[in-house]
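Below is one structure, written out as structure tokens; the observations come after it.
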Amino acid sequence: MDRIRKAFEHALAEYLPGQDIVIERPKSGELGDLAFPCFRAAKATGKNPAQMATELAAQINLELDGAELVAAGPYLNLKLRPEARAREVLGGLLGDRPYGAAEKNGQKIIVEYSSPNIAKLFTIGHLRSTMIGHGLVQVHRFLGYDVVRLNHLGDWGTQFGTLIAAYKRWAEAENPQLDLDFDWADPAPDDRRTPLFRLFQLYVRFHAEEEKDPAMRDQARDWFRALETGDAEARRLWTWFREISLKEFLRIYDRLGVGFDTYTEGEAFYENKLSDTVKALEAKGLLQDGERGARIVDIEDVGISTPCMVVKADGGSVYATRDLATGIYRRDHYHYDRCIYVIGAEQILHMQQVFAVLKKLDPDWFTEGKVIHAPFGLISLPDGKMSTRKGNVIFLEDVLDEAVTRVLAIIEEKNPDLPRKTEVAEMLGIGAVIFFNALNDRVKPFTFTWDRVIALDGDTGPYVQYAHARIMSILRKGASDISLPDHAQFDQHARPTTQPDGDKTAFIQYKQVNFKAIPFDDSTPEPVGLDSPFAQELLFELAGFPTAIRLAQEQLQLAPIARHLIVIARAFSGFYTNCPILKGDFEDPNIQRWRLALCVATARALRQGLFLIGIEAPEEM
RNA sequence: GCACCCAUAGCUCAGGUGGACAGAGCAGCGGCCUUCUAAGCCGCAGGUCGUUGGUUCGAGUCCAACUGGGUGCACCA
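Okay, so the first sequence: first residue is 17 according to my numbering, each after it adds one.
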């Protein structure tokens, strides 16, 4: 389609010299494959847009086989004949390269995402940063960028004082390994009898009790100070807490199919870099005295009235200090082209402050767009904000488990003989949750309800997966001259591992799918059997898939991909119900071949898109 | 008080750089399983795009003010 777009652009440029030629996609495939809105050009030449479209349609000779120009009101549309469209789209989708993927472009992107706090359990809120970040990683790799995946672990701070104090108070004596249930707390659910869960219980209890006994706060502070000054006992517990937390995190990442290149560059990593950061700011003359002796950077000149505090009155560091140190370290260590922070929208001001200070510190490096915040809206509960401290949260694992349970019930009802039920249920249940997140990937906050997040009908992950499974079923039954993708091979590429040096491949290799009967080269015969409006609409939507991926990269959000997957799946359903593939009575056997080719192309696009947002596609469901 | 974000069908949301008729899903009602998976398909019904002005040939989209909601505003992260 790129080839045709270029030819169209060229032809238009010839007739409209000196004008910006912007080519769009029509609203539907019925109108054409490409559209040129004549408004601007008409205005520049003082013509009526509709008249101009008519004139251009008559004048321009495209010299493209199978393409015609049609004036539709103020639009000049390029419309391919059904056969030409089929050839064009299928040729792109059934080639060696993943559809819409780009060559390496030499640019390096680093993405910081997930970044959970040690000793806390993943909530539904963590899904946002984790999966949006993962999706952005996939999309950038797909488009040819080198990507570094960073997990900025919350492994430092006063909460460690809290944890150590709580551990000392309630656990050390009778439950030192945290391997027993506490008699003062609800027992952990069966599948969550982990040290991390009990650590979390300690944390919640401490916060509850310190309300009544403020002296406990001092103990927590003291322990954190001990940790900062290198006290051996504090250090030992910190290391251990970090370990048991990370172990659980990795298990969940594995379940989600997410991974990172490093887990070591968390907040603790930057502790010994803070004083240098402050010195660098000092050297640049950026630090000023603030209230009560705090040290601040004034950023009013860039429109931010709240100054960025870097040093507290007591000389301690704050969040911003760590983020500044992080920014500097990454500049020196990664030499990136762009650094993306996938962090909640409630931190917009904070990120603006940090970016503003970084720009003052090194305007040559931190240019516009060099560091960028990809924010997402907060998830709240029907009765208010989630609070880990208060314990009114929805845990991510509970959501995933519930989704899988609901899917299993449906499988038992509709397809009880399905092989590998548990695995399929896992793919579908988790897919539903992840897809919902991708579809709602936006700045608007939303209220969590079980039925919304785990919906299985309508515009959902399972809807897309279902379309894919139906195709695979057809191919199993009828595609004797099409070799199917090897499932093991697919899994290997589809699931990025949690190993730092693991997965480097962002897209599925489909070398296993070969069209022996219909090679795509100049000798490829005219496609037949695809002139139905349903087939044509499906082809049109498949053609729009690369645009959706590029849009996702530009906007740093996954919604365009999720939405387009729905559109493709819906178009396929139309094709599926209206155009027989295996059961048809074809006078020309090539009709069936070409319809099968369209099926393979669709499956490939669906899998690829699901993969980009982090979802697996079972072959049967 | 100041800043940022948001406001489209009963509900949840789409509507890249203003432009082809404001579209989906859910919920509701009515059809479709002796043919490739009914987790599906088809149809019906449902909207003064928060309000008022402005810019423009053209505004759901841009600007201003207002109303309503969310978030943030230096010694927590």
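All C-beta atoms in this analysis are idealised placements derived from N, C-alpha and C, irrespective of residue type, glycine included.
Check, Outcome
"Cβ pair count under 8 angstroms reaching 3, the segment 257–272 against the segment 205–215", "yes"
"Pair within 8 angstroms by beta-carbon distance, Leu462 and Asn453", "Note that residue 462 is Phe in the sequence shown, not Leu. Cβ distance not < 8 angstroms, so Phe462 and Asn453 don't count as in contact."
"Minimum C-alpha distance to Leu554 - residue among Ala74, Ala69, Leu109", "Leu109"
"Presumed contact (8 angstroms Cβ cut-off) between Gln571 and Asp353, rounded CB distance", "With 8 angstroms as the limit, Gln571 and Asp353 do not qualify as a contact, their Cβ atoms being about 18 angstroms apart."
"Whether Leu622 touches Leu581 by CB criterion (8 angstroms)", "yes"
"Ranges of the alpha helix (DSSP H) found wholly within the segment 49–80, counting only runs of at least 4", "55–61, 65–75"
"Residue from Gly116, Thr342, Phe276, Val86 with nearest C-alpha to His289", "Note that residue 289 is Lys in the sequence shown, not His. When each option's Cα is compared against that of Lys289, the closest is Thr342."
"At least three beta-carbon pairs within less than 8 angstroms, the segment 170–182 to the segment 223–242", "yes"
"Counted within 10 angstroms of its Cβ, other Cβ atoms place Ser130 as buried (16 or more) or exposed", "buried"
"Glu366 in three-state terms, based on DSSP", "Note that residue 366 is His in the sequence shown, not Glu. His366 falls in the helix class under three-state DSSP."
"Limits of the beta strand (DSSP E) - the one that Met325 falls within", "324–327"
"Where His351 sits in the DSSP three-state scheme", "coil"
"CB contact flag (Phe392, Ile565, <8 angstroms)", "no"
"DSSP state of Leu32 mapped onto helix, strand, coil", "coil"
"Classification of Arg157 by the beta-carbon crowding that lies within 10 angstroms, buried from 16 upward", "buried"
"Rounded straight-line distance, which links the Cα of Ile76 to that of Ala27", "7 angstroms"
"Residue ranges of each alpha helix (DSSP H) within the segment 98–178, 4 or longer", "98–109, 140–158"
"Spatial distance of Leu297 from Gly331 (CA atoms)", "15 angstroms"
"Beta-carbon gap between Asp171 and Ala284 smaller than 8 angstroms", "yes"
"Collapsed DSSP secondary structure at Val459 in the structure displayed", "coil"
"Spatially closest choice to Tyr335 from His349, Ile320, Met367, Glu316, by CA coordinates", "Met367"
"Gln304, DSSP secondary structure in three states", "strand"
"Touch test, the segment 555–564 against the segment 99–106, Cβ-Cβ under 8 angstroms, three pairs minimum", "yes"
"Presumed contact (8 angstroms Cβ cut-off) between Thr139 and Thr540, rounded CB distance", "The pair is not a contact, with the Cβ atoms about 52 angstroms apart (cut-off 8 angstroms)."
"Contact set for Ala29: own chain, Cβ-Cβ below 7 angstroms, skip 5 residues either direction", "Ile37"
"Beta-carbon contacts of Pro16 that lie in its chain and below 8 angstroms, excluding the five residues immediately before and after", "Summary: the structure shown does not reach residue 16, with the chain confined to residues 17 through 637, and so no result is reported for it."
"Beta-bridge partners of Gly400, as assigned by DSSP", "Leu397"
"Coil, strand or helix - Asn431 by DSSP", "coil"
"Inter-residue spacing [alpha-carbon to alpha-carbon] between Gly474 and Ala568", "22 angstroms"
"Inter-residue Cα distance where the pair is Gly151 and Val163", "12 angstroms"
"Residue closest to Phe588, alpha-carbon to alpha-carbon, out of Thr618, Glu128, Arg208", "Thr618"
"Through-space distance from Ala250 to Trp239, alpha-carbon basis", "7 angstroms"
"Backbone CA spacing between Asp517 and Asn408 [nearest angstrom]", "Residue placement at Asp517 is poorly supported in this model, since its pLDDT is 32, which falls under 50; the coordinates still yield a value, given next. Approximately 37 angstroms between the Cα atoms of the pair."
"Nearest-angstrom beta carbon gap, Cys355 and Val313 [assumed within contact, 8 angstroms]", "Between Cys355 and Val313 the Cβ distance is about 20 angstroms, and since that is not below 8 angstroms, they are no contact."
"Met443 versus Pro323: straight-line alpha-carbon distance, rounded", "47 angstroms"
"Stretch pair the segment 269–284 + the segment 221–228: three plus CB contacts closer than 8 angstroms", "no"
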